[in-house]
Each structure stands twice: as C-alpha cells, then as structure tokens.
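Residue numbers (my numbering): 25 to 456.
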C-alpha cells in the first residue's frame with residue numbers, strides 16, 4: 025500500500041495481511057484477506073479484487089488488483105499484481121472531470137488505472153511467463169475497446185482521442201522472437217510468439233475497422249504513432265564510456281562501478297555525465313552545484329569533442345558503430361525551457377540502447393553488454409532512422425509531415441481558421 029509517515033519514526037508502507045490455504049494434491053488455493061475469500065486455480069488470473077488501506081484513524085485508500093497462481097507444487101508461487109487506484113473512489117483525482125473515472129467504471133466495469141498497465145517487469149524478472157502476460161495484455165485491450173465503444177456511443181462532435189499502448193508493449197517484450205540475431209532468440213519457440221507482433225497489429229486493424237464503420241462521411245480520422253520500433257540487442261553504458269575516456273571520475277568504495285543516481289561521482293574531476301536514455305550533461309560551473317567546466321567556449325569545445333568521439337565508437341564484438349549521431353541542445357530543443365534540456369543527446373543505431381544503469385546514472389565496469397532481458401524491442405534509437413507513422417482518411421498534402429503538425433491539424437478540422445491558427449504560434453503546420 026501507500027507510504028505513510030507517522031508522527032514519529034520513519035515512513036513505511038501500509039500493509040494488509042492475507043492468507044493462502046493449500047491442500048495437498050490440489051492445483052488451486054483459497055485466499056483470504058479482509059472480507060474477501062475466494063478460490064484460485066493454477067494458471068489463472070483472478071478477477072479484480074478490492075483492498076482498503078487504513079492511513080491513520082480517519083483516512084483510507086482503496087485499491088484494486090489481481091492475483092495469478094503460478095504453481096502449487098513442487099513450490100508455491102503466487103503473483104500479486106501492483107495495486108491500482110479504484111476508479112470508483114480514487115485516493116486523489118485521476119480523471120477529468122473529477123467523477124469521470126467512476127462514470128467509466130459504472131458503465132464498463134473495473135479497469136486498470138496504472139499508466140502502463142501490463143506487468144512488463146514481472147515478465148522481465150521471470151515472476152510470470154509469456155502466457156499470463158499475453159492474457160493480461162488481452163484483458164487490457166478489452167478494457168480499452170470498451171472505453172472507446174462507450175465514448176463512441178455518445179460522441180456527436182468535437183475531438184475523440186483513444187490511446188492504445190498494446191502494440192508498443194507487445195513489441196518491447198516479443199521482439200526477441202522475430203530477430204534471429206537477438207541474444208535471446210529461440211529458434212524453436214512457439215509459432216504464436218514468433219507471430220505475436222503481427223497478430224497484435226491485426227487486432228488493432230480490427231479496432232480501426234470498427235471505428236470506421238461508425239464514422240460519417242465528414243468525420244476526420246487520424247491514426248498516429250510518434251515512433252517506430254526495432255530490435256534491442258546490446259545495452260550501452262554511457263557513463264562507463266565517459267569514465268574510460270576521461271570525462272567522468274568515480275570515488276569511494278564503489279569506485280569500480282558507481283552507484284545509482286551518480287552518488288559516487290567525483291564532481292571535482294568530472295566534466296560530463298549521463299542520466300536518462302541518451303542525455304549527456306556538461307558539469308558546468310555556475311549551473312551544476314560542483315561544476316568545473318566554464319560556460320561558453322570551453323563548454324562548446326568539450327561538447328564538440330565528446331560528440332566526435334562518440335560518433336567514432338565501434339562495438340568491437342560486432343564491428344558496428346554504436347551511435348548514428350549526437351545532437352547538440354541547440355539543434356533539437358527550443359522554446360522557453362530549452363535551457364533545461366541536456367547539452368547533448370545521443371541518437372543510437374538500431375540494436376543499441378542506453379542501459380537501465382545509464383538511465384539512473386550508473387557506470388558498470390563493461391562498456392557494452394548483450395541485452396539478456398525479455399524487454400527486447402525498443403524505440404530509443406535515432407528518430408531519423410526509426411520515424412513514427414501517420415495515417416488519415418483525408419489526403420495528407422505536406423511532403424514532410426511532422427508530429428508538430430498534429431495539434432494544428434486537429435484544430436483546423438474542428439473549425440479553426442488560418443488567422444486563429446497563426447495566433448496559436450505552433451511549431452508545425454496542418455497536415456491537410
């Protein structure tokens with residue numbers, strides 16, 4: 025449950041005990057907690073279960089979640105999914121208008137309220153197998169379709185938007201079954217898994233077809249993805265590269281690898297550091313707390329030097345360039361908050377991606393390693409080699425359509441004239 029800070033002492037998670045009763049020779053268990061009792065069979069997900077966490081004398085937080093019984097023999101393995109806010113009574117507002125989450129639940133039933141509902145890390149860490157993961161993904165898709173149908177049934181005019189994350193998540197977890205060069209590729213894997221990505225695109229085709237059946241002649245339809253997808257074979261430790269090439273120094277007992285969140289960085293000797301999935305920052309005097317690189321010419325020369333050397337980085341195991349390009353902040357960011365953007369941003373080649381350790385500021389001993397996690401597909405490559413896609417029932421007239429043009433396209437479709445669009449000062453132009 026949620027973390028609660030008592031008047032004295034350290035904050036801790038609120039816990040609700042439960043009991044699982046096993047009977048010898050049975051492939052099912054009985055689960056009991058609070059006022060709930062039910063049977064669960066091996067290899068099955070439970071339906072939605074409710075739980076109430078007491079947050080002191082007067083406050084409560086209600087959640088919903090699901091169980092999955094992995095096995096009962098020879099070991100007992102029960103997976104308990106993450107707690108979702110109960111959409112009928114969320115601890116704080118999770119929808120707009122405020123009561124919409126309840127209205128939706130009243131019409132379609134309970135649903136996942138987490139932003140990324142599929143349990144990708146449960147599959148990554150082998151808590152569950154592909155079978156229950158796909159079952160969950162199908163349930164999420166069923167919920168999304170119900171949401172879309174509910175809104176279509178009462179939609180008359182305006183803008184209706186529905187986000188389907190399924191093709192993204194399925195590709196993240198199943199690309200290893202389509203790429204024969206991936207470290208986790210299985211030649212004899214079930215055909216169902218090898219065709220999983222294609223099959224899910226067909227599922228989305230069905231969703232799209234049903235929407236088109238309900239459209240009138242004047243309706244505008246846009247189908248959009250902001251990125252493409254490809255294989256993630258090798259994991260790249262950017263801070264380790266910076267360290268090896270003299271731009272970053274570690275100190276203390278963990279100086280060999282460095283802890284997360286840059287805790288072991290020796291800032292007095294560090295000129296650049298990486299955090300996130302491709303961002304590099306200069307340790308700049310006057311900006312970073314312990315900055316040592318002077319702003320202006322010294323910073324710009326350092327950026328050019330790092331960029332040039334990164335572009336020359338070759339993966340010795342496969343004799344392939346790791347990086348397609350390195351972008352300076354000024355090349356890709358603009359606007360009021362551009363000064364907060366990374367100084368450099370890496371555009372990786374297909375197959376290479378910043379490591380999970382890099383994302384949190386770590387610096388392992390090796391520079392590049394095989395990706396041995398089931399999260400085997402990615403879109404964190406140079407966008408110039410893995411662009412997104414856009415389809416519409418209206419002819420796109422721009423030769424270079426961009427995601428920047430989506431907002432003005434939508435506004436134009438609902439009646440905004442040219443003068444009003446100019447007043448909005450968009451970065452992009454309408455696509456048609």
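Note that CB positions come from ideal geometry on N, CA and C, so glycine has one too.
Which residues mark the beginning and the end of the alpha helix (DSSP H) in which residue i is found?
i           : result
residue 165 : 154-177
residue 181 : Premise fails: residue 181 is in no alpha helix (DSSP H) and is neither H nor E.
residue 278 : Note, residue 278: premise wrong, no alpha helix (DSSP H); not H, not E.
residue 430 : 430-437
residue 60  : Looking at the DSSP string, residue 60 is not in any alpha helix (DSSP H); the run it does join, the beta strand (DSSP E), is 60-65.
residue 187 : Here residue 187 belongs to no alpha helix (DSSP H), and DSSP marks it neither H nor E.
residue 144 : 144-148
residue 495 : Because the chain in this structure spans residues 25 to 456, residue 495 falls outside the shown range and cannot be described.
residue 442 : 442-448
I'd like to know if residue i contacts chain C, where contact means its C-beta is closer than 9 Å to some C-beta of that chain.
i           : result
residue 359 : The chain inventory of the structure shown lacks chain C, comprising one protein chain alone.
Could you name the residues that DSSP lists as bridge partners for residue i?
i           : result
residue 345 : 338
residue 78  : 84
residue 401 : 255
residue 6   : Any answer about residue 6 is impossible in this case: the structure gives the chain only from 25 up to 456.
residue 414 : 248
residue 69  : 92
residue 287 : Its beta-bridge partners do not exist; DSSP assigns none.
residue 393 : 259
residue 116 : Beta-bridge pairing links residue 116 to no other residue.
residue 309 : 312
Please report how far the alpha carbon of residue i lies from the alpha carbon of residue j, in whole angstroms.
i           : j           : result
residue 193 : residue 200 : 13 Å
residue 315 : residue 144 : 38 Å
residue 80  : residue 26  : 12 Å
residue 211 : residue 204 : 8 Å
residue 394 : residue 220 : 23 Å
residue 57  : residue 159 : 25 Å
residue 209 : residue 444 : 53 Å
residue 198 : residue 189 : 14 Å
residue 346 : residue 353 : 20 Å
residue 375 : residue 338 : 13 Å
residue 187 : residue 391 : 37 Å
residue 424 : residue 150 : 43 Å
residue 344 : residue 397 : 21 Å
residue 174 : residue 399 : 33 Å
residue 401 : residue 242 : 38 Å
residue 300 : residue 148 : 20 Å
residue 157 : residue 228 : 18 Å
residue 292 : residue 379 : 25 Å
residue 169 : residue 231 : 7 Å
residue 69  : residue 195 : 23 Å
residue 405 : residue 263 : 18 Å
residue 433 : residue 456 : 7 Å
residue 181 : residue 118 : 25 Å
residue 471 : residue 28  : No statement about residue 471 is possible, as the shown extent of the chain runs from 25 to 456 and does not include it.
residue 104 : residue 140 : 16 Å
residue 366 : residue 183 : 34 Å
residue 408 : residue 377 : 15 Å
residue 259 : residue 342 : 13 Å
residue 435 : residue 246 : 13 Å
residue 178 : residue 238 : 12 Å
residue 357 : residue 363 : 9 Å
residue 388 : residue 309 : 27 Å
residue 403 : residue 255 : 8 Å
residue 349 : residue 132 : 47 Å
residue 218 : residue 266 : 38 Å
Span of the beta strand (DSSP E) holding residue i?
i           : result
residue 198 : Here residue 198 belongs to no beta strand (DSSP E); instead the alpha helix (DSSP H) covers 190-198.
residue 305 : 303-306
residue 101 : 101-104
residue 35  : Per DSSP, residue 35 belongs to no beta strand (DSSP E) and is neither H nor E.
residue 90  : Here residue 90 belongs to no beta strand (DSSP E), and DSSP marks it neither H nor E.
residue 43  : 43-46
residue 57  : 52-57
Next item on the list: Write down every uninterrupted run of the alpha helix (DSSP H) in the segment 213-272 whose length is 4 residues or greater and which is fully enclosed by it, in chain order.
Entry: 215-218, 220-237 and 262-268
Next item on the list: Would you be able to state if there are at least three C-beta pairs under 8 Å between the segment 222-239 and the segment 358-376?
Entry: no
Next item on the list: Starting from the N-terminal side, write out each stretch of the alpha helix (DSSP H) that is 4 residues or longer and does not extend beyond the segment 311-391.
Entry: As far as the segment 311-391 is concerned, its whole alpha helix (DSSP H) runs of at least 4 residues are 321-335, 353-356 and 380-383.
Check: How do the segment 322-333 and the segment 379-397 stand: do at least 3 beta-carbon pairs fall below 8 Å, yes or no?
Finding: no
Item checked: Stretch pair the segment 121-133 + the segment 103-111: three plus CB contacts closer than 8 Å -> Segments in contact, yes.
Notebook entry, point to check: Three or more C-beta pairs closer than 8 Å, one from the segment 88-103 and one from the segment 58-77: is that the case here?
Noted result: yes
Notebook entry, point to check: Does the segment 91-109 touch the segment 41-51, meaning 3 or more C-beta pairs lie closer than 8 Å?
Noted result: yes
Margin query: Any contact between the segment 239-254 and the segment 409-422? By contact I mean 3 or more CB pairs, one from each, below 8 Å.
Written below: yes
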